[in-house]
Amino acid sequence: MTLYLQRVIDGATNGVLYGMVALALVLVFKATGVINFAQGAMAMFGTFLAFTAVDKWAVPLVVAILIGMVLSAGAAAGIERVLIRPFDPSNHLPIIIVTLALYLALNALAALLWGFDPRGFPTLFPTGSDDYLSIGGARLYYTKLGTALVAVAVVVALHLTLSRSRLGLAFRCVASNVESSRLLGVHIGRTVQSSWAIAAAVGTLAGCLAAPTTYLDPTFMDKILIYAFAAATLGGLDSIAGALVGGVVTGLAIALLTGYIPWLGGEFALGCAFFVIIAVLQFKPSGLLGRRTQDRV
């Protein structure tokens, strides 16, 4: 029973982190109808900026993370203006290709600036051997608890903000129909730019929370991004709350499947994520909490 609880705790807390990255994907998708394949690379780059602020400038960690989020948001806004906006927003394929190219470019630039040597990233939370809560014999470490609480707070705040604000309405309008949104007075460029900036900031925060649990290098967000794709697909690509729910379910599925079917091994985790994506797209394309859309003919 203790082992089961431990796997549930680990899966759920990891899943909350996947959900946070999925949230960044959802934010861009809600405003554009496009999946940003560079989201993980943008989060990685912002995390490196925060690391540089701590390591080179001796900035307090909280301030460094905020610096990374702000710089990442500003860079994302610039990227949207220069690389994304020139394309027709109703034609998604060229934009998707640009995000794939951006993923490669950001990874190459990070490798050039910081190299491939793995680095340790400081954590916001206590990491001592006794810094945990005991739940039925299982251990919930403060690092995982703190990460989960931050992620839930961010998801709730954005859900409430975007569901009750003009910006959230603009996101939904633009993703639904660009021309109709323009006729209604929605500033298309500004709306899409805002989604990119907010998503980059959220992704950077997720990266700064994930880095202490692994190591920091130009590829450290790649696996997390795949799990986030599964989470966003499962929860619904247009649902902010669904991103968190999908992340938790994905994390639990990976932890329990790889834990109780030993011959699968830890390497099956990525396969499990792909299975989730394929199964959801096949049987429930709108996801658990996403809205089903119907095309009029």
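Each residue of the sequence shown is one higher than the one before, counting from 472 in our numbering. Glycine included, C-beta positions come from ideal geometry on N, C-alpha and C. Computed from a predicted structure; not experimentally measured.
- Scanning the stretch 555 to 594 for uninterrupted alpha helix (DSSP H) segments of 4 residues or longer gives 563 to 585, listed from N- to C-terminal end.
- The Cβ neighbour count for residue 709, taken over all protein chains shown within 10 Å, is at least 16; the residue is labelled buried.
- For residue 635, the secondary structure class from DSSP, reduced to helix, strand or coil, is coil.
- It is roughly 9 Å from the alpha-carbon of residue 567 to the alpha-carbon of residue 509.
- By the Cβ criterion, the stretch 552 to 560 is not in contact with the stretch 487 to 497, since fewer than three pairs of Cβ atoms, one from each stretch, lie closer than 8 Å.
- DSSP lists 610 as the beta-bridge partner residues of residue 605.
- For residue 670, the enclosing alpha helix (DSSP H) covers residues 659 to 681.
- In its chain, beyond the 5 residues on either side, 697, 698, 700, 701, 721 and 725 have a beta carbon closer than 8 Å to the beta carbon of residue 744.
- Checking the DSSP bridge columns, you'll see residue 629 has no partner listed.
- Collapsing the DSSP output to three states places residue 705 in a helix.
- When only Cα atoms are considered, residue 688 and residue 518 end up about 10 Å apart.
- For residue 666, the closest alpha carbon among the candidates 641, 695, 680 and 690 is that of 641.
- Secondary-structure assignment with DSSP links residue 687 through a beta bridge to 590.
- In terms of Cβ geometry, residue 678 and residue 547 do not form a close pair [threshold 7 Å].
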